[in-house]
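Chains A and B supply the protein sequences, listed in that same order. Using full-length UniProt numbering, read the first sequence as starting at 1 and increasing by one per residue. Using full-length UniProt numbering, read the second sequence as starting at 1 and increasing by one per residue. Every residue gets a Cβ at the ideal spot worked out from N, C-alpha and C, and that includes glycine. Computed from a predicted structure; not experimentally measured.
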Amino acid sequence: MRAAAERMVGPGLEARKAIARLVARDIPEGWHVNLGIGIPTLISDLVPAGREVLFQSENGILGMGPAPDDETPDPWLVNAGKQNVTLLPGASLFDHTLSFTMIRGGHIDLCVLGALEVADNGDLANWSTSAADTAPAVGGAMDLAVGARRIWVAMDHTTKQGASKLVSACSYPLTAAGVVKRVYTNLAVLDVTPRGFEVRELLDGVDFDAVQARTDAKLHRAGVAA
Amino acid sequence: MINKQVARAAEALADVRDGSTILVGGFGQIGHPMALIDGLIEQGARDLVIVCNNAGVGTSGLPRLMKLGRVAKIICSYPRTAAVFTELYAAGKLELEITPQGTLAERIRAAGAGIGGFYTRTSAGTLLAAGKETREIDGVAYVFEKPLKGDVAIIEAWEGDRWGNLTYRGSGQNFNPVMATAAALTVAQVQRVVELGAIDPEDVVTPSIFVDRVVEIPYEPPYPAISY
Numbered sequence: 001m002r003a004a005a006e007r008m009v010g011p012g013l014e015a016r017k018a019i020a021r022l023v024a025r026d027i028p029e030g031w032h033v034n035l036g037i038g039i040p041t042l043i044s045d046l047v048p049a050g051r052e053v054l055f056q057s058e059n060g061i062l063g064m065g066p067a068p069d070d071e072t073p074d075p076w077l078v079n080a081g082k083q084n085v086t087l088l089p090g091a092s093l094f095d096h097t098l099s100f101t102m103i104r105g106g107h108i109d110l111c112v113l114g115a116l117e118v119a120d121n122g123d124l125a126n127w128s129t130s131a132a133d134t135a136p137a138v139g140g141a142m143d144l145a146v147g148a149r150r151i152w153v154a155m156d157h158t159t160k161q162g163a164s165k166l167v168s169a170c171s172y173p174l175t176a177a178g179v180v181k182r183v184y185t186n187l188a189v190l191d192v193t194p195r196g197f198e199v200r201e202l203l204d205g206v207d208f209d210a211v212q213a214r215t216d217a218k219l220h221r222a223g224v225a226a
Numbered sequence: 001m002i003n004k005q006v007a008r009a010a011e012a013l014a015d016v017r018d019g020s021t022i023l024v025g026g027f028g029q030i031g032h033p034m035a036l037i038d039g040l041i042e043q044g045a046r047d048l049v050i051v052c053n054n055a056g057v058g059t060s061g062l063p064r065l066m067k068l069g070r071v072a073k074i075i076c077s078y079p080r081t082a083a084v085f086t087e088l089y090a091a092g093k094l095e096l097e098i099t100p101q102g103t104l105a106e107r108i109r110a111a112g113a114g115i116g117g118f119y120t121r122t123s124a125g126t127l128l129a130a131g132k133e134t135r136e137i138d139g140v141a142y143v144f145e146k147p148l149k150g151d152v153a154i155i156e157a158w159e160g161d162r163w164g165n166l167t168y169r170g171s172g173q174n175f176n177p178v179m180a181t182a183a184a185l186t187v188a189q190v191q192r193v194v195e196l197g198a199i200d201p202e203d204v205v206t207p208s209i210f211v212d213r214v215v216e217i218p219y220e221p222p223y224p225a226i227s228y
């Protein structure tokens, strides 16, 4: 099943795992965390050993454990990506109204989502590629985006065609306005601040100018006045 | 003696009328009442409004009901799970109302709890808020959402008794307990019917008051598909 989770993420698995590993590194013990589909799905298996983090799945699980052995999955237990999962000792199961009480009510410390675009004012676009989408599908993204206490995005820095996914204004329909606090990409970790994107960390072998060259929004150096 | 157990799915759904709004439990295939959907197909009602988180998976269950032209509209959060949905929607043969997942659950909860609607931050400032009443509360934008009531709810549970008390297994609760509260007629498909009193009262998730009919459908997952 872990292999199935990895297949859903698509090509470039190692690069995507590297992004997920950075996010996992930064999640403190005791947080309640919801993970979106895509790169975020990889995060739960990469939390450093011994650190207790409670993963919530919007279909009614708190305390999700690692993927099961391929031999013996419980067919009645799936995550939001419809993959079989396990429960940790201390886990709980509940219905959708209680699950979204946790989500909308500000009880989830962190939600990590994938995105089509993130703007430097924190606007998030991750559910629809146009107003005339042939079959729009939102799932729980809009509830999570406004309800979780923090929204971090984990995504490739650019599209497959090389277009920047960090922008000065989203061109795709918004999931929520002004909600993203941090972005993890294959080039850098960036905070969304009142002055825009601030580069918090550069990945190995990447310099500030290289990230700026691939970003359609002005970047700021952390701790350096504009 | 009260006995809500009915032998067959189609029999439990015999009085479903054309044009009914049907709340259908489940998240993907888990807690999704496939036998009752097959019963609905056998029963024959048309022009149905289907309320379900997804538009079914593969070619059996909801996709088969859609393929047979029996669904007029679907209200869901994530329909992109069945090819037949995408085809019918693109051809203009199926109306779609996209509702964020938590808003979908809460609209159903409102209907079941006698609440006349609610304000939520979810979807504020997005395309899904278009045409809806908005209101600023303590400086934050909220969107008004109406209750969503069913004529019929079809749900899947784990154990049931002749009064209609229900338990669930794994992640199988999802939309089922709330949908049970929000329809004029609630029909539950269960893995097994047990003696009255066999379910510990502390383990009952859906109290019997919300359930009208119980059909026993034991199976080893996945549910055997009847594809189109």
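Residue i burial status per 10 Å Cβ neighbour count (16 or more: buried)
| i | result |
| --- | --- |
| B/P222 | exposed |
| B/S208 | buried |
| A/S130 | exposed |
| A/R7 | Note that A/R7 scores 44 on pLDDT, short of 50, meaning its location in the model is unreliable and no value can be drawn from it. |
| B/D18 | exposed |
| A/P136 | buried |
| B/R64 | buried |
| A/E58 | buried |
| A/G50 | exposed |
| A/D209 | exposed |
| A/V138 | buried |
| residue 243 of chain B | Nothing about residue 243 of chain B can be read from this structure; chain B reaches only from 1 to 228. |
| B/E159 | buried |
| A/A3 | Caution is warranted here: a pLDDT of 49 is assigned to A/A3, below 50, making its placement in the model unreliable, and no coordinate value can be reported. |
| A/V167 | buried |
| B/V16 | buried |
| A/E117 | buried |
| A/F197 | buried |
| B/T134 | exposed |
| B/G26 | buried |
| B/E156 | buried |
| B/V140 | exposed |
Cβ-Cβ distance between residue i and residue j below 9 Å
| i | j | result |
| --- | --- | --- |
| B/T103 | A/D143 | yes |
| A/V199 | A/V189 | yes |
| B/R80 | B/A55 | yes |
| B/I30 | B/R162 | no |
| B/T181 | B/G131 | no |
| B/E95 | B/I74 | yes |
| B/V178 | A/H96 | yes |
| B/N176 | B/L166 | yes |
| B/V66 | B/A45 | For the record, residue 66 of chain B in the displayed sequence is Met; it is not Val. No, the Cβ-Cβ distance between B/M66 and B/A45 is not below 9 Å. |
| A/Q161 | A/S99 | no |
| B/Q189 | B/V152 | no |
| B/A198 | B/T59 | no |
| B/I50 | B/V84 | no |
| A/I37 | A/G81 | yes |
| B/T99 | B/L127 | no |
| A/A163 | A/D216 | yes |
| B/S123 | A/I61 | no |
Proximal chain B residues relative to residue i, where beta-carbon distance stays under 9 Å
| i | result |
| --- | --- |
| A/R214 | The premise fails here: A/R214 is roughly 28 Å from chain B at the closest Cβ pair, so nothing lies under 9 Å. |
| A/L88 | None at all; the shortest Cβ gap to chain B is about 14 Å. |
Neighbouring residues, chain A, relative to residue i (Cβ below 8 Å)
| i | result |
| --- | --- |
| residue 235 of chain B | Residue 235 of chain B lies beyond the range of chain B shown here (1 to 228); nothing can be said about it. |
| B/F85 | A135 |
| B/Q173 | G60, L93, F94, D95, H96 |
| B/T59 | Neighbours of B/T59 on chain A: none; closest Cβ ~17 Å, over 8 Å. |
| B/P224 | Those do not exist, as B/P224 stays about 14 Å from chain A at its closest Cβ, beyond 8 Å. |
| B/G116 | What B/G116 touches in chain A: nothing, since even the nearest Cβ is about 17 Å away. |
Chain A contact residues for residue i, given Cβ-Cβ distances below 9 Å
| i | result |
| --- | --- |
| B/I30 | N59, P75, W76, L77, V78, K82 |
| B/F210 | The premise fails here: B/F210 is roughly 13 Å from chain A at the closest Cβ pair, so nothing lies under 9 Å. |
Interface partners of residue i on chain B, CB under 8 Å
| i | result |
| --- | --- |
| A/G140 | S77, P100, Q101, G102 |
| A/V153 | Going along chain B, no residue has its Cβ under 8 Å from A/V153, so there is no contact; the nearest lies around 17 Å. |
Chain-ordered chain A contacts of residue i [CB-CB under 7 Å]
| i | result |
| --- | --- |
| B/P177 | D95 |
Contact set between residue i and chain B, taken where Cβ atoms lie within less than 7 Å
| i | result |
| --- | --- |
| A/A177 | G125 |
| residue 229 of chain A | Outside the shown range of chain A, which is 1 to 226, sits residue 229 of chain A, and nothing can be said about it. |
| A/I43 | Those do not exist, as A/I43 stays about 20 Å from chain B at its closest Cβ, beyond 7 Å. |
| A/I103 | G102 |
| A/V53 | Those within 7 Å of A/V53 in chain B number zero; the least Cβ separation is about 19 Å. |
| A/D26 | In chain order: nothing, as chain B lies at least about 26 Å away. |
Should the stretch 137-155 of chain B be called in touch with the stretch 102-121 of chain B, which here means at least 3 C-beta pairs below 8 Å? Contact holds: three or more Cβ-Cβ distances are below 8 Å.
Quick check: the stretch 146-161 of chain A against the stretch 12-25 of chain A, are there 3 or more CB pairs under 8 Å? Counting Cβ pairs under 8 Å, three or more are found: they touch.
Runs of alpha helix (DSSP H) lying entirely within the stretch 174-216 of chain A, each at least 4 residues, in chain order: For the stretch 174-216 of chain A, whole alpha helix (DSSP H) runs of length 4 or above, ordered along the chain, are 208-213.
At least three beta-carbon pairs within less than 8 Å, the stretch 65-81 of chain A to the stretch 103-112 of chain A: No, because fewer than three Cβ pairs between the stretch 65-81 of chain A and the stretch 103-112 of chain A fall closer than 8 Å, the two stretches do not touch.
At 4 residues or longer, and completely inside the stretch 128-199 of chain B: list those alpha helix (DSSP H) runs for me, N to C. Along the length of the stretch 128-199 of chain B, whole alpha helix (DSSP H) runs at least 4 residues long occupy 176-180, reported in chain order.
Pairing CB atoms from the stretch 184-201 of chain B with CB atoms from the stretch 195-209 of chain A, are three or more of them under 8 Å? Between the stretch 184-201 of chain B and the stretch 195-209 of chain A there are fewer than three inter-stretch CB-CB distances shorter than 8 Å, so the stretches are not counted as touching.
Length-filtered (4 minimum) alpha helix (DSSP H) runs lying within the stretch 46-117 of chain B: The qualifying runs are 62-67, 83-90, 101-113.
I want to know whether the stretch 40-47 of chain A touches the stretch 34-44 of chain B - three or more CB-CB distances under 8 Å. No, because fewer than three Cβ pairs between the stretch 40-47 of chain A and the stretch 34-44 of chain B fall closer than 8 Å, the two stretches do not touch.
3 or more residues per run - each beta strand (DSSP E) lying fully within the stretch 79-139 of chain A: Runs of the beta strand (DSSP E) inside the stretch 79-139 of chain A: 87-93, 110-113, 117-119.
At what residue ranges does the stretch 28-86 of chain A contain a whole run of the beta strand (DSSP E), taking only runs of 3 or more? The stretch 28-86 of chain A contains, as complete beta strand (DSSP E) runs of 3+ residues, the segments 32-35, 54-57, 61-64 (chain order).
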